[in-house]
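Quick mapping for you: the protein sequence lines, in order, are chains A and B.
Numbering-wise (the numbering used here), the first sequence opens with residue 1 and increments by one.
Numbering-wise (the numbering used here), the second sequence opens with residue 462 and increments by one.
For every residue, glycine included, the Cβ atom is placed at its ideal position computed from N, Cα and C.
Worksheet: one structure, shown below.
There are 2 protein chains.
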Amino acid sequence: MEERINIASDTVIEFLEQKRYSELKELLNEMLPADIALLFEDLDKAQLVAVFRLLTKDLGADTFAYLDNDSCMKLLDAISDREIHDVFGRLFLDDAVDVIGEMPANVVTRILNNSDPETRHLINEILKYPEDSAGSIMTVEYVNFTKNMSVGEAIAKLRREGTGKETVYTCYVTENRKLIGIVDTSILLASDDSEIIENIMETNVVSVNTLEDREVVTRTFNKYGFIAVPIVDADMRLVGIVTVDDAIEVMQQENTEDISIMAVMEPIEAGYFKTSVFSHAKKRIVWLLVLMISSTVTGMLLQKYESAISVLPVLVSCIPMLMGTGGNSGTQAATMMIRGIALDEVRFSDIFRVVFKEFRISIIVSAVLSAVNFARILIMYYAGWLGEIGGVSVFIVAFVVSAALMLVVIAAKFIGCTLPLLAHKVGLDPALMASAVISTIVDAFAVVIYFNIAVYFIDIL
Amino acid sequence: MEERINIASDTVIEFLEQKRYSELKELLNEMLPADIALLFEDLDKAQLVAVFRLLTKDLGADTFAYLDNDSCMKLLDAISDREIHDVFGRLFLDDAVDVIGEMPANVVTRILNNSDPETRHLINEILKYPEDSAGSIMTVEYVNFTKNMSVGEAIAKLRREGTGKETVYTCYVTENRKLIGIVDTSILLASDDSEIIENIMETNVVSVNTLEDREVVTRTFNKYGFIAVPIVDADMRLVGIVTVDDAIEVMQQENTEDISIMAVMEPIEAGYFKTSVFSHAKKRIVWLLVLMISSTVTGMLLQKYESAISVLPVLVSCIPMLMGTGGNSGTQAATMMIRGIALDEVRFSDIFRVVFKEFRISIIVSAVLSAVNFARILIMYYAGWLGEIGGVSVFIVAFVVSAALMLVVIAAKFIGCTLPLLAHKVGLDPALMASAVISTIVDAFAVVIYFNIAVYFIDIL
Chain A
1 MEERINIASD
11 TVIEFLEQKR
21 YSELKELLNE
31 MLPADIALLF
41 EDLDKAQLVA
51 VFRLLTKDLG
61 ADTFAYLDND
71 SCMKLLDAIS
81 DREIHDVFGR
91 LFLDDAVDVI
101 GEMPANVVTR
111 ILNNSDPETR
121 HLINEILKYP
131 EDSAGSIMTV
141 EYVNFTKNMS
151 VGEAIAKLRR
161 EGTGKETVYT
171 CYVTENRKLI
181 GIVDTSILLA
191 SDDSEIIENI
201 METNVVSVNT
211 LEDREVVTRT
221 FNKYGFIAVP
231 IVDADMRLVG
241 IVTVDDAIEV
251 MQQENTEDIS
261 IMAVMEPIEA
271 GYFKTSVFSH
281 AKKRIVWLLV
291 LMISSTVTGM
301 LLQKYESAIS
311 VLPVLVSCIP
321 MLMGTGGNSG
331 TQAATMMIRG
341 IALDEVRFSD
351 IFRVVFKEFR
361 ISIIVSAVLS
371 AVNFARILIM
381 YYAGWLGEIG
391 GVSVFIVAFV
401 VSAALMLVVI
411 AAKFIGCTLP
421 LLAHKVGLDP
431 ALMASAVIST
441 IVDAFAVVIY
451 FNIAVYFIDI
461 L
Chain B
462 MEERINIASD
472 TVIEFLEQKR
482 YSELKELLNE
492 MLPADIALLF
502 EDLDKAQLVA
512 VFRLLTKDLG
522 ADTFAYLDND
532 SCMKLLDAIS
542 DREIHDVFGR
552 LFLDDAVDVI
562 GEMPANVVTR
572 ILNNSDPETR
582 HLINEILKYP
592 EDSAGSIMTV
602 EYVNFTKNMS
612 VGEAIAKLRR
622 EGTGKETVYT
632 CYVTENRKLI
642 GIVDTSILLA
652 SDDSEIIENI
662 METNVVSVNT
672 LEDREVVTRT
682 FNKYGFIAVP
692 IVDADMRLVG
702 IVTVDDAIEV
712 MQQENTEDIS
722 IMAVMEPIEA
732 GYFKTSVFSH
742 AKKRIVWLLV
752 LMISSTVTGM
762 LLQKYESAIS
772 VLPVLVSCIP
782 MLMGTGGNSG
792 TQAATMMIRG
802 IALDEVRFSD
812 IFRVVFKEFR
822 ISIIVSAVLS
832 AVNFARILIM
842 YYAGWLGEIG
852 GVSVFIVAFV
862 VSAALMLVVI
872 AAKFIGCTLP
882 LLAHKVGLDP
892 ALMASAVIST
902 IVDAFAVVIY
912 FNIAVYFIDI
922 L
């Protein structure tokens with residue numbers, strides 16, 4: 001990645017200390033807002049304000065949209081009410097709401113008090129939507145046309161009004177506030193000035209309701225490849241749009257959240273290094289505790305077979321392999337489901353198709369695994385690597401372990417594919433039913449299956 | 462999600478059977494290409510071609526860009542050379558390359574033979590770039606200006622040439638083919654006709670080299686929120702652009718791949734249902750086998766402590782808990798690293814910071830877990846739920862298990878955070894070092910730590 005003009009934070013601090021403000025100002029104002037925001041993360045509060053005041057008002061506001069919460073808070077704390085007014089007057093509405101959503105109440109009040117009445121009203125409108133709803137990530141800054149306008153008039157309107165709008169690349173056609181069509185600016189530009197909007201607009205409009213989950217919005221982007229998606233209320237009235245840059249942010253957040261939850265952690269809000277040791281620990285401890293206690297069940301089941309173990313301790317040596325392979329098999333099926341649900345490829349109604357498919361997959365997989373395992377046990381015992389098997393035939397041990405393995409893998413695939421779908425059905429996050437949870441459940445099944453087969457085929461009880 | 466005009470595949474088949482072609486044609490041509498493509502997945506070859514021929518040429522070509530490989534192959538097989546020519550003449554270049562990239566050699570030849578010489582040349586140019594490089598996902602259809610043009614002239618050029626271009630929302634300013642600036646169409650539209658391009662162009666250009674990994678492109682979109690990113694060669698000559706819709710596709714593919722690899726599967730190329738049982742099994746079996754064989758090590762270690770187990774079989778009952786909790790702790794740390802590396806938040810050079818941070822986290826987490834576990838053992842044994850502990854004090858057993866748990870969690874966090882960073886350093890996919898691999902390694906450590914502590918504190922050997 002080429003970043004033509006970009007200065008390191010050390011250089012900035014040096015310039016500040018040497019009071020070479022005008023040089024620094026010139027350099028900074030050549031930089032991109034996202035790069036300046038990254039730079040800010042390494043500065044202390046006094047440096048932050050000093051640098052911020054060297055930026056033009058527009059660049060300062062643009063930079064705000066990219067700041068992490070920490071720098072944002074520091075900066076808001078240090079700048080004047082007038083400066084807050086300037087920043088929030090210039091920020092795109094959705095970016096302003098984004099910033100405000102992460103700030104504590106007193107800072108929010110200060111921002112709202114220093115905003116124009118109209119901006120304040122709009123911000124409050126968006127803040128009213130439930131967290132993670134489509135409404136909460138939209139902006140109300142879009143360009144709209146009426147169907148009777150000519151292309152020439154529309155382009156003139158776009159050129160007049162477009163500056164303050166988040167996107168000018170998709171325009172909306174409304175009638176009595178209802179969304180009746182969409183015009184891509186590319187189509188608009190390619191049409192004759194005398195053409196009427198009604199004739200070039202797309203009337204088969206894909207829109208998302210304000211109250212739907214924001215994931216519905218990202219799925220729409222995924223599916224159709226739009227630049228912006230209109231957000232409508234229950235009466236199909238256009239209330240806002242979500243632009244693709246915000247959708248990408250949401251997509252990555254959702255992916256990070258899913259991945260965290262799949263690894264039994266509550267998602268952290270900031271970056272890895274910015275999150276304190278204590279809050280990392282807090283996000284991780286809950287599920288570790290739950291699963292630790294749950295695994296006691298497996299321990300108690302094992303204890304039930306204590307006498308079998310003391311007669312034939314060699315049985316124990318296959319437990320890690322059975323539990324591990326079972327857990328991994330279940331995890332594979334569960335992961336397929338979790339991702340399938342997230343991308344809207346698999347639904348609860350598919351459950352029978354899924355179970356049948358996973359059953360056939362598990363037959364193939366478990367047959368191969370069992371055959372290899374059977375061979376492994378024969379080889380290792382004949383070579384003496386695993387020591388003696390107190391009086392029991394190697395073939396019987398190999399058979400017991402391999403049969404158990406086959407059943408464990410089949411059970412694991414079944415558990416792995418059904419639990420995420422069931423979780424989704426009852427409104428839980430399917431990502432919860434990933435590796436750790438599935439493994440813990442499969443562990444218990446593995447013990448029961450294994451020892452039942454062992455006790456049945458080997459005369460040890 | 463609202464999809465205003467959309468018909469079910471059953472309806473389409475019904476219309477076809479009743480030969481109600483003109484009605485069907487009318488309905489289809491109101492639909493969006495992405496929806497038609499979805500519809501196609503449920504049709505057989507004859508139905509596919511019949512429906513395809515009812516679409517306008519433009520809609521037909523647009524639909525091609527959204528087709529899955531299966532329908533694509535069926536359709537290409539059934540349509541005439543002339544139709545292939547029409548489709549690929551109309552497709553955006555990057556979409557055409559996308560389609561071609563997935564087709565077998567004979568189909569590719571047929572497509573290229575039926576393309577215009579210029580299109581063929583451009584397709585071949587892009588096909589030359591390495592798989593997963595920035596060059597392989599770019600398009601060469603963009604609008605470029607010279608710096609001396611006026612805004613009026615530029616807008617006229619945009620309106621004249623924009624129709625066949627993939628995006629008209631970011632325009633590029635070149636001089637002797639070198640990229641010297643970027644003009645957002647929004648800025649262009651908001652400027653006076655008499656303004657000169659040089660004065661409104663952004664000269665601090667972010668671009669990506671053709672040969673860099675496509676993930677560098679998606680990261681650029683992530684960071685800056687662009688609509689398109691310019692792709693340049695080593696001499697900063699503009700050779701193409703990547704548009705945001707393609708970047709989103711790549712992002713989701715990369716995420717799906719990461720998630721698959723983290724669950725020890727090779728990523729499947731098509732959707733869950735479209736992939737056959739056999740190829741699902743093939744994608745899953747390799748790592749299951751590797752990890753199954755690896756877990757034998759843990760089994761052999763357990764067998765080393767066979768005598769300890771036969772003296773005190775109760776020791777075995779804590780193994781699932783130790784392995785499970787260790788595996789989960791390690792997975793958490795590993796997942797943090799894998800995601801951090803994917804989002805470019807964590808690098809190999811941070812390894813010491815990471816280890817120190819994870820060490821502190823593991824101290825907190827393991828202290829809590831050990832305390833709870835100590836209490837659990839005391840409570841359960843006094844209540845008699847876990848039966849007798851052949852002559853050893855409950856306190857000693859509780860101490861041994863809790864001390865082992867503490868060390869296992871600390872070791873697991875260390876293994877979990879270092880392995881993905883090391884894998885990344887040596888050029889492996891860090892996602893490989895996720896739950897299953899980490900758990901298998903941690904399992905072996907757990908056994909060694911546990912039995913060494915047990916043997917030391919309890920007089921059993």
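| Asked | Found |
| --- | --- |
| Could you tell me which residues DSSP pairs with residue 633 of chain B in its beta bridges? | B:605 and B:643 |
| Using a Cβ cut-off of 8 Å, pull out every chain B residue sitting near residue 129 of chain A, in sequence order please. | Those do not exist, as residue 129 of chain A stays about 17 Å from chain B at its closest Cβ, beyond 8 Å. |
| If you pair each beta-carbon of the region 516-525 of chain B with each one of the region 536-548 of chain B, do three or more pairs fall below 8 Å? | yes |
| Can you tell me whether residue 788 of chain B is buried or exposed, with buried defined as 16 or more other CB within 10 angstroms of its CB? | buried |
| Report yes if the C-beta distance between residue 412 of chain A and residue 330 of chain A is below 8 Å; otherwise report no. | yes |
| For chain A, is any of its Cβ atoms less than 8 Å away from the one on residue 891 of chain B? | no |
| In its own chain, which residues sit with a C-beta less than 7 Å from the C-beta of residue 358 of chain A, not counting the 5 before and 5 after it? | 333, 413, 414 and 417 |
| Out of A:424, A:278, A:83 and A:458, point me to the one whose CA is closest to residue 349 of chain A's CA. | A:424 |
| In the DSSP assignment, find the beta strand (DSSP E) that holds residue 209 of chain A and state where it starts and stops. | 206-209 |
| Are any of the Cβ atoms in chain B nearer than 8 Å to that of residue 309 of chain A? | yes |
| Interface residues of chain A around residue 733 of chain B at Cβ under 7 Å? | 336, 340, 345 and 346 |
| Under 8 Å, do residue 622 of chain B and residue 604 of chain B count as touching if we go by C-beta distance? | yes |
| Check the DSSP bridge columns for residue 698 of chain B and list the partner residues they point to. | B:639 |
| Rounded to whole angstroms, what is the Cα-Cα separation between residue 738 of chain B and residue 360 of chain A? | 7 Å |
| Using a Cβ-Cβ cut-off of less than 7 Å, list which residues of the region 681-707 of chain B approach chain A; keep chain order. | 681, 682, 683, 684, 685, 686, 688, 705 and 706 |
| DSSP on residue 540 of chain B, reduced to helix/strand/coil? | coil |
| Whose Cβ in chain A lies nearer than 9 Å to the Cβ of residue 881 of chain B? | Within chain A, no residue comes near residue 881 of chain B; the closest Cβ sits about 12 Å away, beyond 9 Å. |
| Looking at the secondary structure, which residues open and close the beta strand (DSSP E) in which residue 444 of chain A lies? | Run containing residue 444 of chain A: none in the beta strand (DSSP E); it sits in the alpha helix (DSSP H), 435-457. |
| Which bits of chain B does residue 323 of chain A rub up against, with CB to CB less than 8 Å? | 781 and 784 |
| Residue 890 of chain B by DSSP, collapsed to three states: which one? | coil |
| To which residues does DSSP link residue 529 of chain B through a beta bridge? | Answer by DSSP bridge pairing: none, since residue 529 of chain B is not bridged. |
| Return the chain-ordered list of same chain residues with a C-beta closer than 6 Å to the C-beta of residue 564 of chain B, the five sequence neighbours on each side being excluded. | none |
| Within the region 342-413 of chain A, note down every full alpha helix (DSSP H) run reaching 4 residues or more, in order along the chain. | 351-382 |
| Between the Cα of residue 870 of chain B and the Cα atoms of B:897, B:907, B:901 and B:839, which residue gives the shortest distance? | B:907 |
| For residue 149 of chain A and residue 169 of chain A, what's the separation of their Cα atoms in angstroms? | 17 Å |
| For residue 313 of chain A, is the classification buried or exposed, using 16 other Cβ atoms within 10 angstroms of its Cβ as the cut-off for buried? | buried |
| Could you name each continuous alpha helix (DSSP H) segment of 4 residues or more that falls completely within the region 223-289 of chain A, going from the start of the chain to the end? | 244-262 |
| Go to residue 117 of chain A, then tell me how far its alpha helix (DSSP H) extends in each direction, as first and last residue. | 117-127 |
| CB residue 785 of chain B to CB residue 440 of chain A, shorter than 8 Å? | yes |
| So, is the C-beta of residue 894 of chain B closer than 8 Å to a C-beta in chain A? | no |
| When you compare each of B:894, B:781, B:680 and B:704 to residue 715 of chain B by their alpha carbons, which one comes out closest? | B:680 |
| Which of the three DSSP states is assigned to residue 1 of chain A in this structure? | Low per-residue confidence applies at residue 1 of chain A: pLDDT is 42, beneath 50, and the placement is therefore not dependable enough to give any value. |
| Mapping DSSP to helix, strand and coil, what is residue 524 of chain B? | helix |
| Just confirm the distance between the C-beta atoms of residue 243 of chain A and residue 167 of chain A, as a whole number of angstroms; I'd bet it's less than 8 Å. | 5 Å |
| Where does residue 674 of chain B fall in DSSP's three states? | strand |
| Whole angstroms are fine: how far does the CA of residue 128 of chain A sit from the CA of residue 783 of chain B? | 47 Å |
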